[in-house]
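*Asks:* Submitted below is the structure of interest, expressed as structure tokens.
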Amino acid sequence: MSKNILIAPSILSADFANLKDEIKKVELAGADWLHIDVMDGHFVPNITIGPQVVKSLRKETNLTFDVHLMIENPLKYIDSFAQAGADYITVHYEACENNIDEVINKIKSNNIKTGLSIKPKTPISVLKPFLNKIDLVLIMSVEPGFGGQKYIETSTEKIRLLKNISPENLILEVDGGINQETAKLAVEAGADALVAGAYVYGANDVKQAINSLKIV
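If you're matching positions, the sequence shown starts at 3 in this note's numbering and goes up one per residue.
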């Protein structure tokens, strides 16, 4: 595969007691981005971290911070995560379908990249009006909220369909159940970036795991 695939290890699968070391580990192993899942216990059932942790982690690495807000009312928190050091902020269509333009404009006003995500059961057609306004689409290939889930096979066709209607410079990112086998499916369908949690952080050789995703 000739195109350069961006690999974004998810700290959801990292050791939260040693996040500094866990981030350095994937940075030295060749990660491109760091995927930071923010959960509020409402939009999804789990709870993770807030802006203060992101701010602390920002001091420890130069990796691109790919912040995924799985929260209700993301508009309320965009400024805080932007100021904490996010490079990309991705919000869920399902969490802000009534004020998406306002949310997009808020992210852009902070001079950072803008992403929209959809859950597995949400059709890609809902994204069409916004594809020329954003920088990234995050396709969830598992139900959001927990790491270590199995890749939902219908995600592959969603990636392919989305690639066919997307502007050339739009990054298509896939998150959920990514391993060497599913990465190949996603990349062949048109994915530009892969979020990998358990496959990377659960590997005995993190560098080999990341490299295996880059060369699918």
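All C-beta atoms, glycine included, are put in the ideal place defined by N, C-alpha and C. Every value quoted in this text rests on a predicted model; they were computed, and no experiment measured them.
Would you kindly report the start and end of the unbroken beta strand (DSSP E) that includes S119?
*Replies:* Indexing the sequence shown from 1 puts residue 119 at position 117. K115 to I120 is the span of the beta strand (DSSP E), which, as asked, contains S119.
*Asks:* Near E99, what residues of its chain come up, given a Cβ to Cβ distance below 8 Å and the 5 sequence neighbours on each side ignored?
*Replies:* Along the sequence shown, one-based indexing puts residue 99 at 97. Closer than 8 Å at the Cβ level, and outside the excluded window around E99, lie V128.
*Asks:* Could you pull out every residue in the same chain whose Cβ sits closer than 8 Å to the Cβ of G43, ignoring the five residues on either side in sequence?
*Replies:* Here residue 43 refers to the residue found at position 41 of the sequence shown. If we look at G43 and ignore the five residues flanking it on each side, its Cβ neighbours are I49.
*Asks:* Would you kindly work out how many angstroms separate the C-alpha atoms of S58 and N64, rounded to a whole number?
*Replies:* Here residue 58 refers to the residue found at position 56 when the sequence shown is read from its first residue. Here residue 64 refers to the residue found at position 62 when the sequence shown is read from its first residue. When rounded, the distance between both Cα atoms is 13 Å.
*Asks:* Report the CB separation of K219 from Y90 in whole angstroms; it is logged as a contact under 8 Å.
*Replies:* Residue 219 lies beyond the residue range present for the chain, which begins at 3 and ends at 218; the question has no answer from this structure.
*Asks:* Enumerate in chain order the residues of its own chain whose CB-to-CB distance from P146 is below 7 Å, with the five nearest sequence positions on each side excluded.
*Replies:* If you number the sequence shown from 1, residue 146 lands on position 144. Closer than 7 Å at Cβ, skipping near neighbours: V46, M72 and K121.
*Asks:* At what residues does the beta strand (DSSP E) containing T66 begin and finish?
*Replies:* By one-based count along the sequence shown, residue 66 stands at place 64. Looking at the DSSP string, the run of the beta strand (DSSP E) that includes T66 is T66 to M72.
*Asks:* For V40, does the count of other Cβ atoms within 10 angstroms reach 16, so buried, or fall short, so exposed?
*Replies:* Residue mapping note: residue 40 aligns to position 38 of the sequence shown, counting from 1. Buried, because 16 or more other Cβ atoms sit within 10 Å of the Cβ of V40.
*Asks:* Would you kindly work out how many angstroms separate the C-alpha atoms of P125 and S143, rounded to a whole number?
*Replies:* Here residue 125 refers to the residue found at position 123 of the sequence shown. Here residue 143 refers to the residue found at position 141 of the sequence shown. C-alpha separation (whole angstroms): 13 Å.
*Asks:* Could you check where the beta strand (DSSP E) with V93 kicks off and where it finishes?
*Replies:* Locating residue 93 in the sequence shown gives position 91, counting from the first residue. Run containing V93: Y90 to H94, per the beta strand (DSSP E) assignment.
*Asks:* Do the CB positions of L174 and I161 come within less than 8 Å of each other?
*Replies:* Within the sequence shown, the letter at position 172 stands for residue 174. Within the sequence shown, the letter at position 159 stands for residue 161. In contact: L174 and I161 (Cβ atoms closer than 8 Å).
*Asks:* Does the distance from the CB of H37 to the CB of A10 come in under 8 Å?
*Replies:* Position 35 of the sequence shown, counted from the start, is the residue given in the question as residue 37. Position 8 of the sequence shown, counted from the start, is the residue given in the question as residue 10. Cβ atoms of H37 and A10: closer than 8 Å.
*Asks:* Could you pull out every residue in the same chain whose Cβ sits closer than 6 Å to the Cβ of A191, ignoring the five residues on either side in sequence?
*Replies:* On the sequence shown, residue 191 is found 189 positions in, with the first residue counted as 1. Excluding residues within five positions, the ones whose Cβ falls inside 6 Å are T158, I161 and R162.
*Asks:* Quick one: residues in its chain with C-beta nearer than 6 Å to the C-beta of E29, no 5 flanking neighbours on either side, listed in chain order?
*Replies:* Within the sequence shown, numbered from 1, the residue matching residue 29 stands at position 27. Around E29: T63 and L65.
*Asks:* Please classify G117 as buried or exposed, where buried requires at least 16 neighbouring CB atoms within 10 angstroms.
*Replies:* Mapped onto the sequence shown, residue 117 falls at position 115. Its Cβ being crowded by 16 or more others within 10 Å, G117 is buried.
*Asks:* Enumerated in chain order, which unbroken segments of the beta strand (DSSP E) with a length of 3 residues or greater are wholly contained in the region 169-211?
*Replies:* Those beta strand (DSSP E) runs which fall completely within the region 169-211 and span 3+ residues are 173-177 and 195-198.
*Asks:* Please state whether DSSP places I51 in a helix, a strand or coil.
*Replies:* The count along the sequence shown starts at 1 and reaches residue 51 at position 49. Of the three classes helix, strand and coil, the one that applies to I51 here is coil, per DSSP.
*Asks:* Applying the 10 Å Cβ sphere with the 16-neighbour rule, what's the burial state of G178?
*Replies:* Position 176 of the sequence shown, counting from 1, holds the residue named residue 178. Under this definition G178 is a buried residue.
*Asks:* What span of residues does the alpha helix (DSSP H) with A84 cover, start to end?
*Replies:* Residue 84 sits at position 82 when you count from the first residue of the sequence shown. Element bounds for A84: I80 to A86.
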